[in-house]
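Asks: Let me give you the structure first, and then I'll get to my questions.
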Amino acid sequence: MVVVACGSVSSIKALWETRIKRVQEEKEDQTKSSRSRLSVGAWEDRAILARLKEKLQTEEGRLVLRIEQEDWKSLPGCLIQFTQVQEWQIHRTGLQKIPQFISSFQNLIVLDLSRNGVSEIPKPIGQLTRLKELLLSYNRIESVPEDLSGCESLERLELAMNRDLSELPDQLRNLKKLNHLDLSMNAFSLMPDCLLHMPALEWLDMGGNCLECLPEDIDRMETLHTLWLQRNELQRLPENIIRMQNLTTLVLSSNRLSDIPPLMEDMSRLRFVNFRDNPLSLEVTLPGKRRKSSEEGGEEEEEDRELFGREFMQLYIQEARKRAHAFLNMHRANSLHHSL
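First residue of the sequence shown: 1, per full-length UniProt numbering; consecutive thereafter.
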């Protein structure tokens with residue numbers, strides 16, 4: 001027969017009940033704390049949404065999200081509630097990252113995030129099949145994902161002044177509607193091959209890069225009418241440049257060109273060309289024109305057009321041809337003299 005003291009049982013029971021009560025109280029405290037955090041989070045979301053709604057405006061029939069010169073290093077997840085927005089204009093906010101949920105904005109036509117701190121283009125951006133303009137100049141982008149080729153409606157792409165950008169994926173040749181491309185002030189040493197296969201490309205700026213040569217088959221860019229190549233390291237032009245019959249503007253200032261291809265005088269549609277600040281082998285001055293000194297001032301850009309434009313190109317080619325004939329005749333005369 002076992003005898004149990006009633007006092008001991010009562011003590012154990014009281015201790016057990018105290019522990020149960022304490023556990024229940026802790027659970028209740030956690031629940032209250034969680035509810036409190038959710039409440040604070042919901043309030044913050046509502047505050048951010050209210051702030052974002054103030055940035056929405058209708059322009060030319062489009063719903064535009066416009067944020068400028070404010071501190072938005074990241075975009076909040078609650079932004080996804082505005083997927084009807086057709087245009088983002090977010091400038092000088094310090095934005096560092098394009099959110100992965102960008103693919104939810106299927107109505108986007110214009111995505112302008114110029115002058116921020118964006119370092120990467122997310123792959124989901126390629127799902128924006130209605131996007132016509134992607135403007136990411138003056139950021140910190142180092143590479144472009146091949147997924148961007150999925151933006152089948154893209155007409156305008158600007159990636160100027162990203163400094164370390166030096167390549168484009170070959171898949172971008174699938175951007176069949178792209179007509180305007182700005183790659184200026186980056187680190188390209190070669191013209192990306194995909195550019196030669198963009199059937200709609202009309203305007204290209206690759207000024208301020210490290211280009212040492214142009215592709216020999218540059219004439220494959222049949223629709224190109226404007227080509228900016230200023231401030232590069234070009235030493236010569238490919239002969240096939242003369243076959244770019246739609247080219248109307250060609251800027252070659254501040255390169256290392258020593259000559260102008262003679263057949264360029266047959267480029268009848270070329271209206272504006274600039275050879276300023278190149279070490280050309282011939283010293284040519286247009287009749288009645290002279291270069292103003294820095295002290296004289298004046299409209300230097302207009303003067304450069306006159307001094308180094310189309311008229312200058314034609315005169316340079318004519319002078320080069322004359323000198324070549326004179327040299328040939330002198331060589332023949334010398335040969336004849338020695339034979340006698």
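Beta carbons are placed, not taken as given, at the ideal position from N, Cα and C, and that holds for glycine.
#1: Could you tell me if Gln100 is buried or exposed, where buried requires 16 or more neighbouring beta carbons within 10 angstroms of its beta carbon?
#2: Comparing C-alpha positions only, which one of Glu202, Met221, Gln230, Gly61 sits nearest to Asn209?
#3: Taking Leu211 as the reference, give the member of Thr248, Pro124, Ser166, Leu196 with the closest Cα.
#4: Using the three-state DSSP reduction, which class does Phe272 fall into: helix, strand or coil?
#5: Take Thr249 and list the residues in its own chain whose beta-carbon comes closer than 6 Å to its own, dropping the five residues that flank it on each side.
#6: Given this structure, state the Cα-to-Cα distance separating Arg323 from Glu283, to the nearest angstrom.
#7: In chain order, what are the residue ranges of uninterrupted beta strand (DSSP E) at least 3 long that sit wholly in the segment 205-277?
#8: If we call anything under 8 Å between Cβ atoms a contact, is Ile121 one with Val144?
#9: Counting along the chain, where does the beta strand (DSSP E) carrying Gln84 start and finish?
#10: So Leu56 packs on Trp88, CB below 8 Å; how close in whole Å?
#11: Which residues in the same chain have their Cβ closer than 7 Å to the Cβ of Thr71, if we skip the five residues on either side of it in sequence?
#12: Give me the Cα-Cα distance between Met185 and Arg321, rounded to the nearest whole angstrom.
#13: Return helix, strand or coil for Gln171, following the three-state DSSP convention.
#14: Excluding the 5 residues preceding and the 5 following Phe275 in the sequence, name in chain order all residues of the same chain whose CB lies nearer than 6 Å to its CB.
#15: Return the CA-CA distance between Leu237 and Leu257, expressed in angstroms with no decimal places.
#16: Return the residue from the list Gly117, Lys53, Ile241, Glu146 that minimises the CA-CA distance to Ser74.
#17: Name the residue from Ile67, Asp147, Thr83, Phe82 whose alpha carbon lies nearest to the alpha carbon of Ser114.
#18: Closest to Ser149 by CA distance: which of Asn255, Met191, Leu79, Leu128 is it?
#19: Is it right to say Ala77 is buried, meaning 16 or more other beta carbons lie within 10 angstroms of its own, or is it exposed?
#20: Is Leu131 helix, strand or coil by DSSP?
#21: Among Glu319, Glu133, Pro215, which residue has its Cα nearest to the Cα of Leu280?
#22: Taking DSSP as the reference, what is the three-state secondary structure of Glu59?
#23: Return yes when the Cβ of Leu181 is within less than 8 Å of the Cβ of Leu204, no when it is not.
#24: I'd like the list of long-range same chain contacts for Cys194, defined as Cβ closer than 6 Å, with 5 residues on each side in sequence excluded.
#25: Whose C-alpha, out of Ser189, Ala187, Trp228, is nearest the C-alpha of Glu202?
#26: Give the secondary structure of Asp193 by DSSP, where H, G and I count as helix, E and B as strand, and everything else as coil.
#27: Taking Ser268 as the reference, which of Asp259, Ile241, Tyr138, Leu49 has the closest Cα?
#28: Which of the three DSSP states is assigned to Arg310 in this structure?
#29: Just the C-alpha distance for Asp277 and Asn232, rounded to the nearest angstrom, thanks.
#30: Can you list, in chain order, the stretches of the alpha helix (DSSP H) that have 4 or more residues and sit fully within the UniProt domain "Disease resistance R13L4/SHOC-2-like LRR" (89-186)?
#31: Quick one: is Pro287 buried, meaning 16 or more other Cβ sit within 10 Å of its Cβ, or exposed?
#32: Flag this pair as yes or no: are the beta carbons of Glu142 and Ser119 separated by less than 8 Å?
#33: Based on the DSSP output, what are the partners of Leu65 in its beta bridges?
Replies: This is what the structure holds:
#1: Counting from one through the sequence shown, the residue named residue 100 turns up at place 100. When all chains shown are included, Gln100 counts as exposed.
#2: Numbered from its first residue, the sequence shown carries residue 209 at position 209. Selected option, being the one with the closest Cα: Gln230.
#3: On the sequence shown, residue 211 is found 211 positions in, with the first residue counted as 1. Out of Thr248, Pro124, Ser166, Leu196, Ser166 has the C-alpha closest to the C-alpha of Leu211.
#4: Position 272 of the sequence shown, counted from the start, is the residue given in the question as residue 272. Phe272 falls in the strand class under three-state DSSP.
#5: Sequence index remark: in the sequence shown, residue 249 carries index 249 (1-based). The answer, listed in chain order, is Thr226, Phe272.
#6: Counted from its first residue, the sequence shown places residue 323 at position 323. Counted from its first residue, the sequence shown places residue 283 at position 283. Rounded to whole angstroms, Arg323 to Glu283 spans 12 Å at the Cα level.
#7: 226-228, 249-251, 272-274
#8: Against the sequence shown, residue 121 aligns to sequence position 121. Against the sequence shown, residue 144 aligns to sequence position 144. Taking 8 Å as the Cβ cut-off, Ile121 and Val144 qualify as a contacting pair.
#9: One-based indexing of the sequence shown puts residue 84 at position 84. Looking at the DSSP string, Gln84 is not in any beta strand (DSSP E), and its letter there is neither H nor E.
#10: For this step, residue 56 is matched to residue 56 along the sequence shown. For this step, residue 88 is matched to residue 88 along the sequence shown. The Cβ separation is near 11 Å, so there is no contact.
#11: Along the sequence shown, read from residue 1 onward, the residue named residue 71 stands at position 71. The amino acid occupying residue 71 in the given sequence is Asp; Thr does not appear at that position. Counting only Cβ-Cβ distances below 7 Å, and skipping sequence neighbours, we find Thr93, Gly94.
#12: Locating residue 185 in the sequence shown gives position 185, where the first residue counts as 1. Locating residue 321 in the sequence shown gives position 321, where the first residue counts as 1. Distance between the alpha carbons of Met185 and Arg321: 36 Å.
#13: Here the question's residue 171 lines up with position 171 in the sequence shown. Helix at Gln171.
#14: The residue labelled residue 275 in the question sits at position 275 within the sequence shown. Here the set comprises Leu252, Phe308.
#15: The residue given as residue 237 occupies position 237 in the sequence shown. The residue given as residue 257 occupies position 257 in the sequence shown. Each residue's alpha carbon lies about 8 Å from the other.
#16: For the purposes of this step, residue 74 is taken as residue 74 along the sequence shown, with counting starting at 1. Minimum Cα distance to Ser74 is reached at Gly117.
#17: Mapped onto the sequence shown, residue 114 falls at position 114. Nearest option by C-alpha distance: Ile67.
#18: In the sequence shown, counting from the first residue as 1, residue 149 sits at position 149. For the residues Asn255, Met191, Leu79, Leu128, the minimum Cα distance to Ser149 belongs to Leu128.
#19: In the sequence shown, the residue the question calls residue 77 occupies position 77. As written in the sequence, residue 77 is Gly, which differs from the Ala given in the question. Exposed: under 16 other Cβ atoms inside 10 Å.
#20: Mapped onto the sequence shown, residue 131 falls at position 131. In this structure, Leu131 counts as coil in the three-state DSSP scheme.
#21: Here residue 280 refers to the residue found at position 280 when the sequence shown is read from its first residue. Of the listed residues, the one whose Cα sits closest to Leu280 is Glu319.
#22: Sequence index remark: in the sequence shown, residue 59 carries index 59 (1-based). Here Glu59 sits in strand by DSSP.
#23: Numbered from 1 along the sequence shown, position 204 holds the residue referred to as residue 204. Numbered from 1 along the sequence shown, position 181 holds the residue referred to as residue 181. It is a contact, given that the beta carbons lie within the stated cut-off.
#24: The residue labelled residue 194 in the question sits at position 194 within the sequence shown. Cβ within range, chain order: Leu168, Asp170, Leu172, Arg173.
#25: Locating residue 202 in the sequence shown gives position 202, counting from the first residue. Looking at the Cα atoms, Trp228 is the closest of the given residues.
#26: Within the sequence shown, numbered from 1, the residue matching residue 193 stands at position 193. Helix, per DSSP.
#27: For the purposes of this step, residue 268 is taken as the residue at position 268 of the sequence shown. Nearest option by C-alpha distance: Ile241.
#28: Within the sequence shown, residue 310 is the residue found at index 310, counting from 1. Arg310: helix per DSSP, three-state reduction.
#29: Within the sequence shown, numbered from 1, the residue matching residue 277 stands at position 277. Within the sequence shown, numbered from 1, the residue matching residue 232 stands at position 232. Cα-Cα distance, rounded: 11 Å.
#30: none
#31: Translated into the one-based positions of the sequence shown, residue 287 becomes position 287. So Pro287 counts as exposed.
#32: Along the sequence shown, one-based indexing puts residue 142 at 142. Along the sequence shown, one-based indexing puts residue 119 at 119. Their beta carbons are under 8 Å apart, which means Glu142 touches Ser119 by this criterion.
#33: Here residue 65 refers to the residue found at position 65 of the sequence shown. DSSP lists Leu56, Trp88 as partners of Leu65.
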